[in-house]
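Structure, as structure tokens:
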Amino acid sequence: MDSARILLAGGGAEANAALREAFDDDGFTIELVHTSSTDETLTELVSQPFQLCVVRGQSDAPEFALEICEGAKESGVRIPMVVLMDLVSRQSENEFLNAGAMAAMPWDGSQGAMLRNLVRMTVMLRSTEENLRTSNDRLVQEMITIQDERERAEGMNAQYVELAENYAIAKEELEKLNQEKNKFFSIIAHDLRSPFTSLLGFTALLEQRADKLSPDKVKEYAETINDSATRVFKLLENLLEWSRLQMDRIEFEPRDVQLADIAGKTIEVMSPVAADKNITLTEGIQAPQAFADPYMIDAVIRNLVNNAIKFTPDGGAVTIAYDITPEGMARVSVKDTGVGMDADKLSKLFHLAENVTTAGTEGEKGTGLGLLLCEDLVERNGGKLHIESELGKGSTFSFTLPLKAPDETEIEAEVPRKVARA
Numbered sequence: 004m005d006s007a008r009i010l011l012a013g014g015g016a017e018a019n020a021a022l023r024e025a026f027d028d029d030g031f032t033i034e035l036v037h038t039s040s041t042d043e044t045l046t047e048l049v050s051q052p053f054q055l056c057v058v059r060g061q062s063d064a065p066e067f068a069l070e071i072c073e074g075a076k077e078s079g080v081r082i083p084m085v086v087l088m089d090l091v092s093r094q095s096e097n098e099f100l101n102a103g104a105m106a107a108m109p110w111d112g113s114q115g116a117m118l119r120n121l122v123r124m125t126v127m128l129r130s131t132e133e134n135l136r137t138s139n140d141r142l143v144q145e146m147i148t149i150q151d152e153r154e155r156a157e158g159m160n161a162q163y164v165e166l167a168e169n170y171a172i173a174k175e176e177l178e179k180l181n182q183e184k185n186k187f188f189s190i191i192a193h194d195l196r197s198p199f200t201s202l203l204g205f206t207a208l209l210e211q212r213a214d215k216l217s218p219d220k221v222k223e224y225a226e227t228i229n230d231s232a233t234r235v236f237k238l239l240e241n242l243l244e245w246s247r248l249q250m251d252r253i254e255f256e257p258r259d260v261q262l263a264d265i266a267g268k269t270i271e272v273m274s275p276v277a278a279d280k281n282i283t284l285t286e287g288i289q290a291p292q293a294f295a296d297p298y299m300i301d302a303v304i305r306n307l308v309n310n311a312i313k314f315t316p317d318g319g320a321v322t323i324a325y326d327i328t329p330e331g332m333a334r335v336s337v338k339d340t341g342v343g344m345d346a347d348k349l350s351k352l353f354h355l356a357e358n359v360t361t362a363g364t365e366g367e368k369g370t371g372l373g374l375l376l377c378e379d380l381v382e383r384n385g386g387k388l389h390i391e392s393e394l395g396k397g398s399t400f401s402f403t404l405p406l407k408a409p410d411e412t413e414i415e416a417e418v419p420r421k422v423a424r425a
């Protein structure tokens, strides 16, 4: 820089002329602004840009220079301040420096070289300071930009992680749906086709040989046809009920219900079936009240009792019992003295992709959908289905239900909407 804008405070015309003379024929030009009062000087310093402020500090009135230095310091002015003193005094020099001056030097008008060097050094320092400030501002801005880019990158990474997780969940759900599809095809291809084949075969025999068959034979064929039709009906009923539940198309209307009343209806319907196999069907006492959808719970108890009868041999027993769990839930248990299950079959019981169905003690057929339906219905009501079984010693199917209506937030947390099962 070969020029500077300097503010001269005080000193009169002689100080102005001496300051200008110091730079004559030097190639360094100055723009000099001269003020004579404290207020005028501080106003200029605050409102106008200067590279240097020179203050004439006279020995008979040092307050002028001190007030300007202190005022500039309090106002936050960063312009270098140089005080030109009349007399050399270490005490006065320290006072000016403490007040905010960058330098305090003696001046009688003859120290031109010193003043020139001081001005050049001050201007160079000022320029360097401004360059450093500019560089610092640029670095700060770059750091902010880098931080913003880093945050954006972290945000994008979080989005990628979320997308990957969603993809994994979607893939798992797709696999479950594919397993479900395969199971349905298996049911349609085998379990549904088999009774229909029997049904069509015997009706064809009746149609072709009705006039030649004895009454006992006609009765035998009719019983077989009725058995096949009943199996088809039960299978279709479970398929439709379970598919409606998976698509969330079953109305859920929980209320306070007496479990004994619901179980009593099942016992009334299933007692003739149990009697045909010489099975004792009994119910425990002191059934608690629960908060559940009565139609769903009726379907659960009916399926569990029907399964228990199916897998219990002649002369066995099926018992419906009640109690309260330590967690404060109503519990219904259906216990049988049937064939039971080993640990391997028990572990696969609720996997739709696994075919673990077995025939009943008198050859009764099933698809395994009944238990899946029971589990979904129980969980829809805020409970859990639990099974204990030992091969050759029978099984106990128990499920829990809330004793009273939970809060809405608890219902949402405890009864998630199901889409598909593995």
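Add 3 to a position in the sequence shown, counting from 1, and you land on the number used in my numbering.
The beta-carbon is built from N, C-alpha and C at its ideal position, and this holds for glycine as well.
Quick caveat, the model's predicted, so the values are computed rather than measured.
Exercise. To the nearest angstrom, how far is it from the Cα of threonine 315 to the Cα of valine 276?
Worked result: Each residue's alpha carbon lies about 12 Å from the other.
For this session: Please report how far the alpha carbon of arginine 334 lies from the alpha carbon of aspartate 347, in whole angstroms.
Result: Distance between the alpha carbons of arginine 334 and aspartate 347 is about 26 Å.
Exercise. With distances taken between CB atoms, is the gap from glycine 60 to methionine 88 smaller than 8 Å?
Worked result: The Cβ atoms of glycine 60 and methionine 88 lie closer than 8 Å to each other.
Problem set entry | Contact under 8 Å by Cβ, glutamate 286 with isoleucine 270 | Their beta carbons are under 8 Å apart, which means glutamate 286 touches isoleucine 270 by this criterion.
Problem set entry | Cβ-Cβ distance between phenylalanine 199 and tyrosine 224 below 8 Å | Taking the C-beta atoms as reference points, tyrosine 224 is found no nearer than 8 Å to phenylalanine 199.
For this session: May I ask whether a heavy atom of the ligand GDP can be found less than 7 Å away from the beta carbon of alanine 302?
Result: With respect to the ligand GDP, the structure offers nothing, as it holds no ligand at all.
For this session: Can you check the stretch 245-317 for any beta strand (DSSP E) of at least 3 residues that lies completely inside it and give the ranges in chain order?
Result: Within the stretch 245-317, the complete beta strand (DSSP E) runs of at least 3 residues are 258-261, 283-286 and 292-295.
For this session: Only counting runs of 3 or more residues, tell me where the beta strand (DSSP E) segments fall wholly within the stretch 370-398, in order along the chain.
Result: Segments of the beta strand (DSSP E) lying fully in the stretch 370-398: 388-393.
Exercise. What did DSSP end up calling lysine 368 once you bin it into helix, strand or coil?
Worked result: Its pLDDT being 47, under 50, lysine 368 is placed unreliably in this model, and the coordinates cannot settle the point.
Exercise. Which one of Asp264, Asn160, Arg23 and Leu284 has the shortest CA to CA distance from arginine 119?
Worked result: If you compare the alpha carbons of Asp264, Asn160, Arg23 and Leu284 with that of arginine 119, the shortest gap goes to Arg23.
For this session: Rounded to whole angstroms, what's the CA-CA distance from aspartate 296 to proline 218? Just pull it up for me.
Result: Take the alpha-carbon of aspartate 296 and the one of proline 218: they are about 47 Å apart.
Exercise. At what residues does the alpha helix (DSSP H) containing aspartate 347 begin and finish?
Worked result: From DSSP, the alpha helix (DSSP H) with aspartate 347 extends over 346-350.
Exercise. To the nearest angstrom, how far is it from the Cα of valine 86 to the Cα of serine 130?
Worked result: Distance between the alpha carbons of valine 86 and serine 130 is about 20 Å.
Exercise. What first and last residue would you give for the beta strand (DSSP E) that runs through arginine 59?
Worked result: DSSP places arginine 59 in the uninterrupted beta strand (DSSP E) bounded by 55-60.
Problem set entry | First and last residue of the uninterrupted alpha helix (DSSP H) at valine 91 | Per DSSP, valine 91 belongs to no alpha helix (DSSP H) and is neither H nor E.
Exercise. In the DSSP assignment, what are the bridge partners of tyrosine 325?
Worked result: Val335, per the DSSP bridge assignment.
For this session: Tell me, to the nearest whole angstrom, how far the beta carbon of serine 78 is from that of leucine 45; I am working on the premise that it is less than 8 Å.
Result: Sure, about 7 Å apart at Cβ, within 8 Å.
Exercise. Going by DSSP, what residues sit across from methionine 84 in a beta bridge?
Worked result: Looking at the DSSP assignment, methionine 84 forms a beta bridge with Cys56.
Exercise. How many Å lie between alanine 311 and valine 321 at the Cα?
Worked result: In a straight line, the C-alpha of alanine 311 is about 7 Å away from that of valine 321.
Exercise. Under the three-state reduction of DSSP, which class applies to alanine 213: helix, strand or coil?
Worked result: Reduced to three states, the DSSP call for alanine 213 is coil.
For this session: Could you have a look at glutamate 34 and say whether DSSP puts it in helix, strand or coil?
Result: Looking at glutamate 34 - three-state DSSP - the assignment turns out to be strand.
Exercise. From threonine 148 to arginine 155, what does the alpha carbon distance come to, in whole angstroms?
Worked result: In this structure, the CA atom of threonine 148 is about 10 Å from the CA atom of arginine 155.
Problem set entry | Under the three-state DSSP convention, the category threonine 340 falls into | Assigned with DSSP and collapsed to three states, threonine 340 falls in coil, not helix or strand.
Problem set entry | Cβ-Cβ separation, leucine 202 to valine 235 (assumed contact under 8 Å), whole Å | About 7 Å separates the two Cβ atoms, so the contact holds.
For this session: Starting from alanine 106, follow its DSSP beta bridges and name the residues at the other end.
Result: DSSP lists Val85 as partners of alanine 106.
For this session: Assign proline 52 to buried or exposed, taking buried as 16 or more other Cβ atoms, counted over all protein chains shown, within 10 Å of its Cβ.
Result: Here proline 52 is exposed: its Cβ has fewer than 16 other Cβ atoms, across all protein chains shown, within 10 Å.
Problem set entry | is_contact[serine 130, chain B] using C-beta, thresh 8 Å | The chain labelled as chain B is not found in the depicted structure, where only one protein chain is given.
For this session: Measure how close the beta-carbons of arginine 339 and glycine 319 come, nearest whole angstrom, since I'm counting them as under 8 Å.
Result: The sequence given here has aspartate at residue 339, not arginine. Their Cβ separation, rounded to whole angstroms, is 7 Å, which keeps aspartate 339 and glycine 319 in contact under 8 Å.
For this session: For alanine 509, name the three-state secondary structure that DSSP assigns.
Result: This structure cannot speak to residue 509, because the chain is shown only from 4 to 425.
Problem set entry | isoleucine 9 - partner residues in DSSP beta bridges | Assignment of beta-bridge partners to isoleucine 9 by DSSP yields Leu35 and Leu55.
For this session: Give the DSSP bridge partners of proline 405, in chain order.
Result: Paired residues: Met332.
For this session: Using beta-carbon positions only, say whether glycine 341 and glycine 267 come within less than 8 Å of one another.
Result: Result no, Cβ atoms of glycine 341 and glycine 267 do not sit closer than 8 Å.
Exercise. How would you call glutamate 43, buried or exposed, if buried means at least 16 neighbouring beta carbons within 10 angstroms?
Worked result: If you draw a 10 Å sphere on the C-beta of glutamate 43, you find fewer than 16 other C-beta atoms in it, and that means exposed.
Exercise. Tell me which same chain residues have a C-beta within less than 8 Å of the C-beta of lysine 387, skipping the five on either side of it?
Worked result: Excluding positions up to five away in sequence, the list reads Val381, Phe402 and Thr403.
Exercise. By Cβ distance, which residues of its chain are closer than 7 Å to glutamate 70, with the 5 residues on each side in sequence left out?
Worked result: Its chain contains Thr41 as the residues whose beta carbon lies nearer than 7 Å to that of glutamate 70, once the 5 sequence neighbours on both sides are disregarded; these appear in chain order.
Problem set entry | Beta-carbon proximity list for glycine 343, same chain, < 6 Å, skipping 5 on both sides | Residues of the same chain with a CB within less than 6 Å of the CB of glycine 343, apart from the 5 flanking positions on each side, are Ser392, Glu393, Leu394, Gly395, Lys396, Gly397 and Ser398 in chain order.
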